[in-house]
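Down below is the structure, laid out as structure tokens.
There are 2 protein chains.
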Amino acid sequence: MADINTVAQQFCKYYYDTFDGGRANLGPLYRPSSMLTFEGAPTMGDAAIVEKLAGLPFQSVIHRIATQDAQPLDNGILINVTGQLLIDGENNPQFFCQTFHLKPDSGSFYVQNDIFRLVYA
Amino acid sequence: MADINTVAQQFCKYYYDTFDGGRANLGPLYRPSSMLTFEGAPTMGDAAIVEKLAGLPFQSVIHRIATQDAQPLDNGILINVTGQLLIDGENNPQFFCQTFHLKPDSGSFYVQNDIFRLVYA
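Residue numbers (the UniProt record's numbering), protein chains in the order written: chain A, 1 to 121; chain B, 1 to 121.
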């Protein structure tokens, strides 16, 4: 397996670039078994997860990653990300943390677990 | 298995009560295979993890939990926690997020993965 820190960095860049560029395109990163808990609300399955993300009440968003930490988890990777969000051109960032559990599949990885929370300062 | 949200709540209460009451006593929650990434610094194994936590440069700490989200992960539980820290009686909280992967063992759970980060607002 490639170095997990390299995989984590590549995954995070791809994930947030795709999210910010057009989050309806995140579907291929999830599977029917995938779970998302977004601000405490649980969603299961790639189709429902993309519907949830695409329906969030903002037009544009920019993620700025502050930290990303990775650990091996069985055959997969656990990633914890912290950073800032800029919504719809606002200047005041919101802080967030997000946890991903990537599982291997056919030489690549998909998101099995995804937990997102804003951190209110 | 007990409801994962109940297990997650009980675990977080026990973990942070023990941390704040005497963090040198956290050892039984970890195993030789356990991994901690604390502010980007990796540590492996229960003994080294407890040494790392016990050696953090503060005397007293109070964790205030804001959110805790849990998902099933194989036979275990993934937990993401956000909250505030009060160090050595200070009044200005620091914000943190922490991710745990609990694995089952002999009818209980231990911490296999642990990633901690302060969130700077």
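A virtual CB, placed ideally from N, CA and C, is assigned to each residue, including glycine. Owing to the predicted nature of the structure, the values given are computational and were not obtained by experimental measurement.
| query | result |
| --- | --- |
| Beta carbon of serine 34 of chain B, beta carbon of glycine 45 of chain B: below 9 angstroms? | yes |
| Just to make sure I have the definition right: I need the residues of chain B whose C-beta is within less than 9 angstroms of the C-beta of glycine 45 of chain A. Which are they? | Correct list: empty, because the minimum Cβ distance to chain B is about 13 angstroms. |
| Could you tell me whether the stretch 4-18 of chain A touches the stretch 59-79 of chain A, using the rule of 3 or more Cβ pairs below 8 angstroms? | yes |
| Bridge partners of asparagine 113 of chain B, per DSSP? | B:Met35, B:His101 |
| Quick one, which of B:Lys52, B:Tyr110, B:Arg117 has its alpha-carbon nearest asparagine 75 of chain B's? | B:Tyr110 |
| Under 7 angstroms Cβ to Cβ from proline 32 of chain B, same chain only, skipping five residues before and after it: list those, please. | Gly45, Asp46 |
| Given that a residue counts as buried once 16 or more other Cβ atoms are within 10 Å of its Cβ, and exposed if not, what is proline 114 of chain A? | First, the amino acid is wrong: residue 114 of chain A is aspartate here, not proline. The residue in question, aspartate 114 of chain A, is buried, as its Cβ has 16 or more Cβ neighbours within 10 Å. |
| Give the straight-line distance between the Cα atoms of isoleucine 49 of chain A and phenylalanine 38 of chain A, rounded to the nearest whole angstrom. | 10 angstroms |
| When you compare only the Cα positions, how much space is there between leucine 26 of chain A and phenylalanine 58 of chain B? | 42 angstroms |
| Please report whether the beta-carbon of histidine 101 of chain B lies at a distance below 9 angstroms from any beta-carbon of chain A. | yes |
| At what residues does the alpha helix (DSSP H) containing glutamine 10 of chain A begin and finish? | 4-22 |
| Can you tell me whether DSSP reads asparagine 92 of chain A as helix, strand or coil? | coil |
| Where does the unbroken alpha helix (DSSP H) through leucine 56 of chain A begin, and where does it stop? | Premise fails: leucine 56 of chain A is in no alpha helix (DSSP H) and is neither H nor E. |
| For glycine 40 of chain B, return the contacting residues in chain A, with the cut-off set at a CB-CB distance below 8 angstroms. | Thr67, Asp69 |
| With DSSP collapsed to three states, give me the class of asparagine 75 of chain A. | coil |
| What three-state label does DSSP hand glycine 107 of chain A in the structure shown? | coil |
| Rounding to the nearest angstrom, what Cα-Cα distance links tyrosine 14 of chain A and asparagine 91 of chain B in this structure? | 39 angstroms |
| Isoleucine 4 of chain A: which of A:Phe95, A:Arg117, A:Lys103 sits nearest, CA to CA? | A:Lys103 |
| Which one of A:Leu73, A:Thr82, A:Asp17 has the shortest CA to CA distance from isoleucine 62 of chain A? | A:Asp17 |
| Kindly identify the DSSP beta-bridge partner or partners of isoleucine 49 of chain A. | For isoleucine 49 of chain A, which the question treats as bridged, DSSP gives no partner whatsoever. |
| When DSSP builds the beta bridges, which residues end up paired with asparagine 80 of chain A? | A:Asp69, A:Thr99 |
| What in chain A is Cβ-close to arginine 117 of chain B, meaning under 8 angstroms? | Thr67, Asp69, Asn80, Thr82, Cys97 |
| Measure the C-alpha to C-alpha separation of alanine 24 of chain B and aspartate 105 of chain B and round it to an integer number of angstroms. | 22 angstroms |
| Suppose the cutoff is 8 angstroms on Cβ atoms and the five residues either side in sequence are ignored; what does the same chain contact list for isoleucine 87 of chain A look like? | Phe58, Ser60, Val61, Gln94 |
| With DSSP as the reference, identify every bridge partner of leucine 86 of chain B, one or two as the case may be. | B:Ile62 |
| Could you list which residues in chain A have their beta carbon closer than 9 angstroms to that of threonine 37 of chain B, in chain order? | Asp69, Ala70, Gln71, Asn80 |
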